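Numbering (the working numbering), first residue to last: 12 to 452.
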């Protein structure tokens with residue numbers, strides 16, 4: 012069988028590995044100059060590191076299995092980290108039970124209700140009831156109005172924007188459950204990890220593995236359309252040619268998948284187009300010093316970015332020549348004006364916000380500043396979303412759509428992405444294929 016994978020992110024690469032193991036002749040088409048998608052590295056000043064922030068949790072079994080398959084298990088470095096909150100113009104630590112008990116913005120009863128909320132959210136939801144309850148309604152019920160408005164609402168707006176009013180409570184359950192997975196396995200607390208060298212090393216080894224197994228990876232090759240030819244074959248069209256395949260797996264975000272596959276049925280196209288996404292504008296900074304001791308600083312005050320992620324609270328600064336890497340993500344939809352703002356304007360806005368939090372930050376301490384924009388990052392689990400999921404198998408034999416829109420009981424991260432690929436392959440192998448042509452169309 013000839014199989015095409017449209018999209019060379021980690022999802023597409025893991026699917027390519029599976030399909031090659033099943034005996035298919037696999038070609039991966041990637042529009043970007045490099046593989047990796049959201050996990051791709053880039054240059055920040057004179058260092059190479061991840062374009063967006065990533066962390067592996069000790070409980071991320073799918074990611075750890077992939078790292079082991081790539082022969083990089085010994086390169087995983089584990090640590091524990093601290094968490095900060097920026098609230099009422101103050102930077103506060105919230106990293107252990109004592110700090111939670113002393114957390115100034117909330118009273119004793121508020122803290123008890125917040126603890127109960129987190130405990131309740133960490134439990135399974137086998138009946139899927141939370142997918143049909145607004146997240147705000149659920150959080151107000153368990154935490155109370157004061158804690159909801161003081162803590163939860165700013166965090167929801169930072170991650171979900173105006174869409175927080177339409178998102179289901181399953182979003183909070185999935186977020187908390189991932190962080191509490193280690194406790195379920197008997198560990199006292201979750202451990203955070205990374206591969207030495209970042210995803211540049213992971214993707215380099217991935218490319219070597221695929222090449223060694225005969226998978227063709229074509230970068231700088233955007234796909235224009237996927238359609239059925241008159242003789243029944245599936246044709247993948249690029250700017251330069253059209254290729255025939257028995258199977259085609261499209262991993263693009265749902266709205267882009269609809270654009271690439273216009274011959275799908277109207278109900279299928281409607282489902283794909285109906286998935287709402289949050290995008291991201293993510294700034295990366297290379298600094299001469301740390302801003303705080305926290306890996307994540309959650310923000311409850313008005314600031315132009317959603318959080319502060321200090322990678323060097325996890326990664327030894329020696330990996331960056333003694334410098335420090337900080338991410339300032341701002342989640343926003345594809346049509347947000349921030350997505351069209353130039354780098355200089357983003358820098359001015361974000362650095363001004365950063366100085367509001369850390370007044371002693373000086374210009375000369377910022378060695379490099381980069382901006383990444385992605386219009387479609389994670390699908391929003393809006394109310395009753397599980398009833399409108401796009402299917403992996405389409406009405407066209409041999410054509411499949413596999414993307415983050417099908418992550419139901421989880422949040423978007425590398426572990427869920429790799430697990431999605433693992434789960435989709437049995438469906439793909441069990442389905443009929445297209446009638447392949449014997450030569451290139």
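The beta-carbon is built from N, C-alpha and C at its ideal position, and this holds for glycine as well. These numbers come from a predicted model, not from an experiment.
- By the CB criterion at 7 Å, residue 445 and residue 395 fall outside the cutoff.
- The continuous stretches of beta strand (DSSP E) do not include residue 35, and DSSP gives it neither H nor E.
- A residue is called buried when at least 16 other Cβ atoms come within 10 angstroms of its Cβ; residue 369 does not meet this threshold and is exposed.
- Under DSSP, residue 261 forms a beta bridge with 17, 412.
- Per DSSP, the unbroken alpha helix (DSSP H) holding residue 211 starts and ends at 210 to 223.
- Pairing residue 276 with residue 135, the inter-Cα distance amounts to about 35 Å.
- In chain order, 133 place their CB closer than 6 Å to the CB of residue 188, counting only its own chain and leaving out the 5 sequence neighbours on each side.
- Fully enclosed beta strand (DSSP E) runs of no fewer than 3 residues occupy 377 to 390 of the stretch 355 to 408, in order along the chain.
- The residues 62, in chain order, have a CB closer than 6 Å to that of residue 53 in the same chain once the five nearest residues on each side in sequence are set aside.
- In the DSSP assignment, residue 140 forms no beta bridge with any residue.
- For residue 90, the closest alpha carbon among the candidates 391, 334, 327, 440 is that of 327.
- In the structure shown, the three-state DSSP call for residue 70 is coil.
- Spanning the alpha carbons of residue 304 and residue 93 requires a straight line of approximately 7 Å.
- Just so you know, the alpha carbons of residue 287 and residue 391 end up roughly 6 Å apart.
- Taken in chain order, the unbroken stretches of alpha helix (DSSP H) that lie wholly in the stretch 93 to 120 and span 4 residues or more are 108 to 112.
- Going by DSSP, residue 88 is part of the beta strand (DSSP E) stretching over 87 to 90.
- Here residue 82 is exposed. Its C-beta has fewer than 16 other C-beta atoms within 10 Å.
- Here residue 173 carries a helix assignment [DSSP, helix/strand/coil].
- Between the alpha carbons of residue 184 and residue 419 lies a distance of about 11 Å.
- Residues 97, 98, 99, 100, 165 of the same chain have their beta carbon placed closer than 8 Å to that of residue 312, with the five preceding and five following residues left out of the count.
- Per DSSP, reduced to three states, the secondary structure at residue 147 is helical.
- Contact annotation, residue 296 with residue 337: C-beta distance approximately 5 Å; criterion of less than 8 Å satisfied.
- Counted as a single uninterrupted DSSP element, the alpha helix (DSSP H) harbouring residue 426 occupies residues 425 to 441.
- In the displayed model, residue 159 falls within a helix according to three-state DSSP.
- Take residue 129, set aside five residues on each side of it, and the residues of its chain with a beta-carbon closer than 7 Å to its own are 187, in chain order.
- Ranked by Cα distance from residue 169, the first of 440, 291, 436, 375 is 291.
- Taking each of 315, 285, 321, 309 in turn and checking the Cα distance to residue 302, the smallest one comes out for 321.
- With a threshold of 16 other beta carbon atoms within 10 Å, residue 124 meets it and is buried.
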